[in-house]
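Sequential numbering from 1 applies to the sequence shown in UniProt numbering. The C-beta atom is built at its ideal place from N, Cα and C for all residues, glycine as well. Remarks on the structure that follows.
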Amino acid sequence: MRITGLLTDDAVLAELGARIAGRRIELQLTQAAVAEQAGIAKRTLERMEAGQTSQLATLIRVLRVLGAASGLDSLIPESGPRPMDLLKRKGKVRQRASGQRAAKATGKSWSWDEKP
1 MRITGLLTDD AVLAELGARI AGRRIELQLT QAAVAEQAGI AKRTLERMEA
51 GQTSQLATLI RVLRVLGAAS GLDSLIPESG PRPMDLLKRK GKVRQRASGQ
101 RAAKATGKSW SWDEKP
């Protein structure tokens with residue numbers, strides 16, 4: 001199954017668990033061996049493979065043991081400044097994100113002749 005934004009959290013967890021179990025089996029590793037190398041309890045790995053929630057650090061440890069940690073780089077691509085933005089800002093890199101700006105009020109324009 002392809003993981004998309006349309007899947008529920010539970011469906012994504014189940015798919016990730018199935019992929020982890022599949023990778024472990026491809027490498028002919030037991031749950032106990034992976035858990036020991038990752039420094040986690042075997043029951044934690046069992047829950048992860050069953051699609052139950054786990055901590056991100058635990059996922060990273062397991063992926064490292066399975067040789068799949070390099071795939072995390074494509075999870076959220078590194079964002080760098082675009083060349084045109086650097087030119088506009090004269091080489092300065094953004095430090096903060098600005099929020100959404102309020103839309104300008106539409107309607108009748110105000111003039112000095114009006115009384116409140």
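Are the CB atoms of residue j and residue i within a distance shorter than 7 Å?
| i | j | result |
| --- | --- | --- |
| residue 120 | leucine 45 | Any answer about residue 120 is impossible in this case: the structure gives the chain only from 1 up to 116. |
| valine 62 | alanine 97 | no |
| methionine 48 | glycine 17 | yes |
| glycine 71 | leucine 13 | no |
| glutamine 28 | lysine 42 | no |
| isoleucine 40 | threonine 58 | yes |
| alanine 3 | glutamate 15 | Per the sequence shown, residue 3 should be read as isoleucine rather than alanine. A contact, by the Cβ cut-off of 7 Å. |
Nearest chain B C-beta to residue i closer than 7 Å, yes or no?
| i | result |
| --- | --- |
| glutamine 28 | Protein chains in the displayed structure number just one, and chain B is not present. |
Under DSSP, the alpha helix (DSSP H) around residue i begins and ends at which residues?
| i | result |
| --- | --- |
| proline 83 | 83-88 |
| isoleucine 60 | 56-65 |
| arginine 96 | That residue, arginine 96, is in no alpha helix (DSSP H); it is neither H nor E in DSSP. |
| glutamate 15 | 9-26 |
| arginine 43 | 42-49 |
| glutamine 31 | 31-38 |
So residue i and residue j are supposed to be a Cβ contact under 8 Å. How far apart are they, rounded?
| i | j | result |
| --- | --- | --- |
| alanine 69 | isoleucine 76 | That pair is no contact at about 14 Å. |
Note down the Cα distance separating residue i from residue j, rounded to an integer number of angstroms.
| i | j | result |
| --- | --- | --- |
| methionine 84 | arginine 101 | 22 Å |
| glycine 67 | arginine 19 | 13 Å |
| lysine 90 | proline 81 | 12 Å |
| threonine 8 | methionine 1 | 13 Å |
| serine 74 | arginine 23 | 18 Å |
| leucine 56 | alanine 11 | 17 Å |
| serine 111 | serine 79 | 46 Å |
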